[in-house]
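Residue numbers (this note's numbering): 1 to 560.
1) In terms of residue numbering, what span does the alpha helix (DSSP H) encompassing residue 553 cover?
2) On a Cα-Cα basis, can you pick out the residue from 163, 559 and 63 that is closest to residue 295?
3) Please tell me whether residue 497 and residue 507 are closer than 8 Å, where the distance is taken between their beta carbons.
4) Quick check on DSSP: helix, strand or coil for residue 368?
5) Among all the DSSP beta bridges, which residues are the ones paired with residue 447?
6) Near residue 477, what residues of its chain come up, given a Cβ to Cβ distance below 6 Å and the 5 sequence neighbours on each side ignored?
7) Compute the distance between the beta-carbons of residue 273 and residue 281, then report whether it is under 8 Å.
8) Give me, in chain order, the residues of the same chain whose beta-carbon lies closer than 6 Å to that of residue 530; leave out the 5 immediate sequence neighbours on both sides.
9) List the DSSP bridge partners of residue 92.
10) Say whether the region 340-360 touches the region 173-183, bearing in mind that this needs 3 or more beta-carbon pairs closer than 8 Å, one atom from each stretch.
11) Going by DSSP, name the residue or residues bridged to residue 74.
12) With a CB to CB cut of under 8 Å and the five nearest residues on each side skipped, what residues in its chain are close to residue 10?
13) Could you check whether residue 419 and residue 457 sit closer than 8 Å to each other, using their CB atoms as the reference points?
14) Would the region 423-439 and the region 464-471 be scored as touching if the rule is three or more Cβ pairs under 8 Å?
15) Rounded to whole angstroms, what is the Cα-Cα separation between residue 587 and residue 367?
16) Under three-state DSSP, which class holds residue 194?
17) Do three or more CB pairs link the region 132-146 to the region 159-166 at distances below 8 Å?
18) Report all residues from its chain with a CB closer than 8 Å to the CB of residue 46; omit the five preceding and five following residues, and keep chain order.
19) To the nearest angstrom, how far is the alpha carbon of residue 156 from that of residue 222?
20) Using only CA atoms, which one of 340, 129, 109 and 233 lies nearest to residue 250?
21) Quick one: measure Cβ to Cβ for residue 342 and residue 49, integer angstroms, because I've assumed they're closer than 8 Å.
22) Residue 101 and residue 238 look like a contact to me (Cβ under 8 Å); what is the Cβ gap, rounded to whole Å?
23) Might you give, ordered along the chain, the residues of its own chain that have their beta carbon closer than 6 Å to the beta carbon of residue 556, omitting 5 neighbours on each side?
24) In chain order, what residues of the same chain lie with their CB nearer than 7 Å to the CB of residue 403, ignoring the 5 residues before and after it?
25) Could you pull out every residue in the same chain whose Cβ sits closer than 6 Å to the Cβ of residue 43, ignoring the five residues on either side in sequence?
26) Could you tell me which of 51, 119 and 138 sits nearest to residue 361, measuring between CA atoms?
27) At a cut-off of 7 Å, is residue 246 close to the ligand COA when judged by its beta-carbon and the heavy atoms of the ligand?
28) Near residue 331, what residues of its chain come up, given a Cβ to Cβ distance below 8 Å and the 5 sequence neighbours on each side ignored?
29) Are residue 265 and residue 71 close, meaning C-beta to C-beta below 8 Å?
30) Give me, in chain order, the residues of the same chain whose beta-carbon lies closer than 6 Å to that of residue 387; leave out the 5 immediate sequence neighbours on both sides.
31) Among the candidates 18, 391, 505 and 236, whose CA atom is the shortest distance from the CA of residue 299?
32) Among 79, 112 and 205, whose alpha-carbon lies nearest the alpha-carbon of residue 132?
33) Determine, using beta-carbon pairs with one atom in the region 541-555 and one in the region 421-432, whether at least three such pairs fall under 8 Å.
34) Run through DSSP, which three-state label would residue 97 get?
35) Near residue 210, what residues of its chain come up, given a Cβ to Cβ distance below 6 Å and the 5 sequence neighbours on each side ignored?
36) Curious, which full-length alpha helix (DSSP H) runs of at least 4 residues does the region 511-544 contain?
Structure (structure tokens):
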């Protein structure tokens with residue numbers, strides 16, 4: 001059976017003769033742009049730039065072989081790098097590489113588990129405002145954290161904003177040569193951003209200042225090789241050191257996984273499959289996990305679905321998954337040929353690449369739209385943005401997830417409506433606002449729009465018509481379409497049935513699903529109230545509600 005599955009997988013991912021040449025060519029621009037992107041991602045993570053290059057080799061290969069979104073490129077991303085850097089912030093410099101590899105492997109394992117557990121459906125519960133707030137905070141953090149690198153110096157502080165402020169307070173430490181090199185790189189990137197040379201502008205921005213610094217005496221300008229030697233050749237696999245494990249590193253792995261999975265879901269939507277087949281988010285979860293497992297095994301940093309690289313892959317004419325795989329293979333060739341030059345790259349030029357990319361990634365239009373939407377969305381985007389600026393990424397992600405849940409429950413409760421249905425002679429219903437108070441010896445048929453879980457049930461309690469001084473009021477409450485109710489809903493229904501019974505009235509529940517009926521029978525809080533009647537749902541919509549309505553009228557017609 002295993003051999004059969006392996007054979008089917010090989011047949012599915014094997015390159016197609018009619019598209020392989022096109023994908024081979026399309027993969028080269030991605031590999032070229034991946035050199036500075038991979039190095040810059042390592043700068044964000046606070047590790048040797050070569051680890052980003054290794055990740056840019058093995059991430060696209062492992063992810064490309066398993067992804068359901070076949071044009072998605074799984075490689076280094078700024079958000080994943082920021083999350084990794086935050087997780088490694090307190091790790092001693094000598095131990096950071098080993099901790100990085102373990103972090104990448106743990107994050108990959110969590111992504112695979114998320115895919116196997118089919119958690120992809122829960123991505124839709126992350127509000128757009130929370131995601132935009134987080135990504136905006138990441139973009140600002142990137143700019144602030146790279147300002148000292150752009151200036152060729154170091155700064156102290158617990159977070160990026162504090163480091164930027166420390167730089168402003170000590171401008172005398174600025175390395176003029178590094179700053180000029182970085183500013184030149186930024187000028188090149190901005191000037192060629194919207195031209196047909198944009199793909200190669202980043203390489204020019206790195207190479208030209210680095211060559212000038214190497215030739216012209218400019219003092220001590222920091223270069224990539226200062227952070228540790230740049231090894232030649234390709235890496236050998238390395239097993240993790242479990243002694244490096246810590247709960248803070250595990251929390252960082254959860255943060256990396258959450259950021260990568262949510263961002264990857266957005267990338268998947270922007271790159272539909274060539275054959276129009278709908279990708280499975282769970283398959284993409286597994287693919288990003290495989291990319292991280294392979295990257296971590298070969299001394300790389302965390303990877304995920306990349307917006308920029310995927311867009312470049314599509315623009316380069318990619319026809320299938322092998323364009324991304326070939327970009328990883330091309331990257332291996334480039335590293336073999338030019339690994340000796342990587343260490344000579346001026347660090348301030350890498351900072352310039354990150355700053356320009358972060359400014360371009362800041363979604364001003366989305367932020368404005370959210371701020372105009374309403375109070376809940378404004379609170380969500382601002383709170384998540386500030387959390388990302390002032391807290392570790394793991395804490396910011398946790399706050400974003402918690403805020404998502406609170407917003408979801410609040411929205412469901414706020415959106416709940418109770419309406420009155422008046423039957424017509426032809427069997428249809430006329431919908432009207434629910435009355436605030438019940439009248440004596442009158443039947444009121446009600447329907448409910450919205451969730452009855454948690455706060456939604458309490459909202460229902462507040463919006464049901466008051467019995468007041470009415471005598472023998474009857475409420476027919478329609479529950480069709482609800483496959484399950486929570487304990488709060490049962491408490492609310494039991495309380496309301498008791499209040500109706502105290503007024504000599506009754507509560508009729510109609511359209512009750514068989515599963516809800518079993519819940520009612522097990523719960524025993526609603527049925528034990530005098531006057532409660534239950535009508536199970538039928539295949540005909542509205543039939544049980546009409547039956548309950550007419551039964552209530554017949555009961556009122558009897559002497560009380």
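Glycine included, C-beta positions come from ideal geometry on N, C-alpha and C.
On the basis of the coordinates in this document:
1) Here residue 553 corresponds to residue number 553 of the chain shown, with the count starting at 1. 543-557 is the span of the alpha helix (DSSP H), which, as asked, contains residue 553.
2) Residue numbering aside, residue 295 sits at position 295 when the chain shown is read from its first letter. That would be 63, whose Cα lies nearest to the Cα of residue 295.
3) Translated into positions along the chain shown, residue 497 becomes position 497. Translated into positions along the chain shown, residue 507 becomes position 507. In contact: residue 497 and residue 507 (Cβ atoms closer than 8 Å).
4) For the purposes of this step, residue 368 is taken as residue 368 along the chain shown, with counting starting at 1. Three-state DSSP puts residue 368 in a helix.
5) Residue mapping note: residue 447 aligns to position 447 of the chain shown, counting from 1. In the DSSP output, where bridge partners are listed per residue, residue 447 has 419 and 478.
6) As a position in the chain shown, residue 477 is number 477, starting the count at 1. Excluding sequence neighbours, residue 477 sits near 446 and 509.
7) The residue labelled residue 273 in the question sits at position 273 within the chain shown. The residue labelled residue 281 in the question sits at position 281 within the chain shown. No.
8) The residue labelled residue 530 in the question sits at position 530 within the chain shown. Within the same chain, and ignoring the five residues on either side of residue 530 in sequence, the residues whose Cβ sits closer than 6 Å to its Cβ are 501.
9) On the chain shown, position 92 is the one that residue 92 refers to. Bridge partners of residue 92 according to DSSP: none are assigned.
10) Yes, they touch.
11) Start at 1 with the first residue of the chain shown, and residue 74 comes out as number 74. 305.
12) Here the question's residue 10 lines up with position 10 in the chain shown. Nothing meets the Cβ criterion.
13) For the purposes of this step, residue 457 is taken as residue 457 along the chain shown, with counting starting at 1. For the purposes of this step, residue 419 is taken as residue 419 along the chain shown, with counting starting at 1. Not a contact, by the Cβ cut-off of 8 Å.
14) Yes: at least three Cβ pairs fall under 8 Å.
15) Lying outside 1 to 560, the shown extent of the chain, residue 587 is not represented and no answer is given.
16) Along the chain shown, one-based indexing puts residue 194 at 194. Residue 194 sits in coil when the DSSP states are folded into three classes, being neither helix nor strand.
17) Per the Cβ contact rule, the region 132-146 is in contact with the region 159-166 (3 or more Cβ pairs under 8 Å).
18) On the chain shown, position 46 is the one that residue 46 refers to. These residues qualify, in order along the chain: 85, 88, 89 and 96.
19) Here the question's residue 156 lines up with position 156 in the chain shown. Here the question's residue 222 lines up with position 222 in the chain shown. Straight through space, the alpha carbons of residue 222 and residue 156 are spaced by roughly 17 Å.
20) Looking up residue 250 in the chain shown gives position 250. Between residue 250 and the set 340, 129, 109 and 233, the nearest pair of CA atoms involves 109.
21) In the chain shown, the residue the question calls residue 342 occupies position 342. In the chain shown, the residue the question calls residue 49 occupies position 49. A Cβ-Cβ separation of about 6 Å places residue 342 in contact with residue 49 under the 8 Å criterion.
22) Taking the first residue of the chain shown as position 1, residue 101 is located at position 101. Taking the first residue of the chain shown as position 1, residue 238 is located at position 238. Contact between residue 101 and residue 238 holds: CB atoms are separated by about 6 Å, below the 8 Å threshold.
23) Against the chain shown, residue 556 aligns to sequence position 556. Closer than 6 Å at the Cβ level, and outside the excluded window around residue 556, lie 441.
24) Walking along the chain shown from the start, residue 403 turns up at place 403. Excluding sequence neighbours, residue 403 sits near 130, 380, 383 and 384.
25) Taking the chain shown and counting its residues from 1, one reaches residue 43 at position 43. The answer, listed in chain order, is 350.
26) By one-based count along the chain shown, residue 361 stands at place 361. Taking only the C-alpha atoms, the option nearest residue 361 is 138.
27) As far as ligands go, the structure on display features none, and thus does not contain the ligand COA.
28) The count along the chain shown starts at 1 and reaches residue 331 at position 331. In the same chain as residue 331, and ignoring 5 residues on each side of it, the C-beta atoms closer than 8 Å to its own belong to 31, 34, 35, 38, 53, 56, 57 and 60, in chain order.
29) Along the chain shown, one-based indexing puts residue 265 at 265. Along the chain shown, one-based indexing puts residue 71 at 71. Contact flag unset, no.
30) As a working mapping, residue 387 is identified with position 387 in the chain shown. Annotation for residue 387: 396 and 399 place their beta carbon closer than 6 Å to its own, counting only its chain and skipping 5 residues before and after.
31) Residue numbering aside, residue 299 sits at position 299 when the chain shown is read from its first letter. Nearest C-alpha to residue 299: 236.
32) As a working mapping, residue 132 is identified with position 132 in the chain shown. That would be 79, whose Cα lies nearest to the Cα of residue 132.
33) As far as the Cβ criterion goes, the region 541-555 touches the region 421-432, which means the pair count is three or higher.
34) As a working note, residue 97 is residue 97 in the chain shown. If DSSP states are grouped into helix, strand and coil, residue 97 belongs with the helices.
35) Counting from 1 along the chain shown, the entry for residue 210 is found at position 210. Non-local C-beta neighbours of residue 210 in its own chain, meaning closer than 6 Å and more than five positions away in sequence, comprise 344, 345 and 346, ordered along the chain.
36) Taking only runs of at least 4 residues, the alpha helix (DSSP H) segments lying wholly in the region 511-544 are 514-523.
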